[in-house]
Amino acid sequence: MLTMYRRITVSLYVIMVLSLLVSASSRADQTYWRGNPAGPGGWFVDTNWSAGVPGFEDVACIYNGGTAVIARGHAEAGQLNIGTVLQPAYAEEIKSVHPWPGTGAVWQIGGTAAIKGNIFLSGSLRRPGSYVLARGRLSARNIVVGRGSGSGRFTQFGGVNRVERELRVGDLRRTVSSSPQADLKSSLGVYRLLRGRLMTGQTSVGVAGRGRFVQNGGVHRVKDLLAIGGPQPWLMCEAVPVPIDEIGEPVILDGPEWAGEVVETPLWPHIAIPKPPPSKGRYVLRRGRLVTRRQEIRRTGAMKQTGGKNRVAYLAVHRGGRYDYLGGRLRINAGLDL
Numbered sequence: 030m031l032t033m034y035r036r037i038t039v040s041l042y043v044i045m046v047l048s049l050l051v052s053a054s055s056r057a058d059q060t061y062w063r064g065n066p067a068g069p070g071g072w073f074v075d076t077n078w079s080a081g082v083p084g085f086e087d088v089a090c091i092y093n094g095g096t097a098v099i100a101r102g103h104a105e106a107g108q109l110n111i112g113t114v115l116q117p118a119y120a121e122e123i124k125s126v127h128p129w130p131g132t133g134a135v136w137q138i139g140g141t142a143a144i145k146g147n148i149f150l151s152g153s154l155r156r157p158g159s160y161v162l163a164r165g166r167l168s169a170r171n172i173v174v175g176r177g178s179g180s181g182r183f184t185q186f187g188g189v190n191r192v193e194r195e196l197r198v199g200d201l202r203r204t205v206s207s208s209p210q211a212d213l214k215s216s217l218g219v220y221r222l223l224r225g226r227l228m229t230g231q232t233s234v235g236v237a238g239r240g241r242f243v244q245n246g247g248v249h250r251v252k253d254l255l256a257i258g259g260p261q262p263w264l265m266c267e268a269v270p271v272p273i274d275e276i277g278e279p280v281i282l283d284g285p286e287w288a289g290e291v292v293e294t295p296l297w298p299h300i301a302i303p304k305p306p307p308s309k310g311r312y313v314l315r316r317g318r319l320v321t322r323r324q325e326i327r328r329t330g331a332m333k334q335t336g337g338k339n340r341v342a343y344l345a346v347h348r349g350g351r352y353d354y355l356g357g358r359l360r361i362n363a364g365l366d367l
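Note that the sequence shown covers residues 30 to 367 in my numbering.
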């Protein structure tokens, strides 16, 4: 009986140790691309990453102006950040190390890439964070092209891009302390589909910020909603303005870009913040097929169709939105709301 008790105790101890080892090994780590920014490098080369080739739980970051190439095999990561907008406090320090700080790129010319979470593309207007899909398969939960006050570009020459939830082209999230006009000019998301297949749960173009989608071929299939345009960028109250309670009236900031407008946030009803300029979304369909369940062209949104095929169950063009039908085929199966 004592021997059996000892065996059970040892077995439980072994199980506990193994579970701790598994949980420790599955913990997400960050690994940064440190390949030579002067030319492309292989994704699967260990020395090209600060902490080795990323695994399915790791956050992979490409910020140094380098280009990671996926030619074959199976690449994976928990999250993929390509390019970033430099913060003033770290700009000079990073520039002294990398000649093109804050930018990055991935070229996929084969194989598969599975991103468990999100792909974020950001950077400057001149050197946006970019992803080029020529062949192979790419999958992710969400893809954000043009994150924050930065710019991103996704070019699909072929292959299959499967986005489980949302493809967001243009995602400006600014703080109330920054200039809204300056942020809107520096932030731009662009997706170009030339060939191949793009499948998403939802596609948003310029819903928050500036976004542009150009389809010159291929198939873009949206399971639910294609939204183009939106009222305004997202607001983040990281730098909180003066509370109204302290001065007894709303805060009006000077300057032509603010236009003297204020809006109260739902989280801080006593805080007045300047209203940002409206977002801008553009979708151009020249060739290929666009298939969606719903299409909403919202305020400041525009769809221009000069060719190709657009098949939709329900199409809504909101006030301030625009649909320019100049060629190709448009098929509306269920309803039209103008």
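Beta carbons: idealized from backbone N, C-alpha and C, even for Gly. Please read these numbers as outputs of a predicted model, since none were measured by experiment.
- Taking all protein chains shown into account, Thr229 has 16 or more neighbouring C-beta atoms within 10 Å of its C-beta and is therefore buried.
- Taking every protein chain shown into account, the CB of Ser159 has 16 or more other CB atoms within 10 angstroms, so this residue is buried.
- Taking the CA atoms as reference points, Lys252 sits about 33 angstroms from Arg155.
- Under the three-state reduction of DSSP output, Asp87 falls in the coil class, being neither helix nor strand.
- Cβ-Cβ distances below 6 angstroms link Ile138 to Ala100, Ala163 and Arg164 in the same chain, with the five nearest sequence neighbours on each side left out; the list follows chain order.
- If one requires a minimum length of 3 residues, the beta strand (DSSP E) runs lying completely within the region 140-173 are 147-150, in chain order.
- For Asp253, the three-state secondary structure derived from DSSP is strand.
- DSSP, read as helix, strand or coil, puts Asp353 in strand.
- DSSP, read as helix, strand or coil, puts Asn77 in helix.
- In this structure, DSSP gives Trp72 a state outside helix and strand, which the three-state scheme calls coil.
- DSSP places Val82 outside both helix and strand once states are collapsed to three, so it counts as coil.
- Here DSSP, grouped into helix, strand and coil, assigns Ala104 to strand.
- Counting along the chain, Asp366 sits inside the beta strand (DSSP E) bounded by residues Arg358 to Asp366.
- The continuous beta strand (DSSP E) containing Arg194 extends over residues Val189 to Asp200.
- Taking C-beta separations shorter than 8 angstroms and ignoring five residues to either side along the sequence, the partners of Ile361 in its chain run Val341, Ala342, Tyr343 and Leu344, following chain order.
- The C-alpha of Tyr352 is placed about 42 angstroms away from the C-alpha of Trp62.
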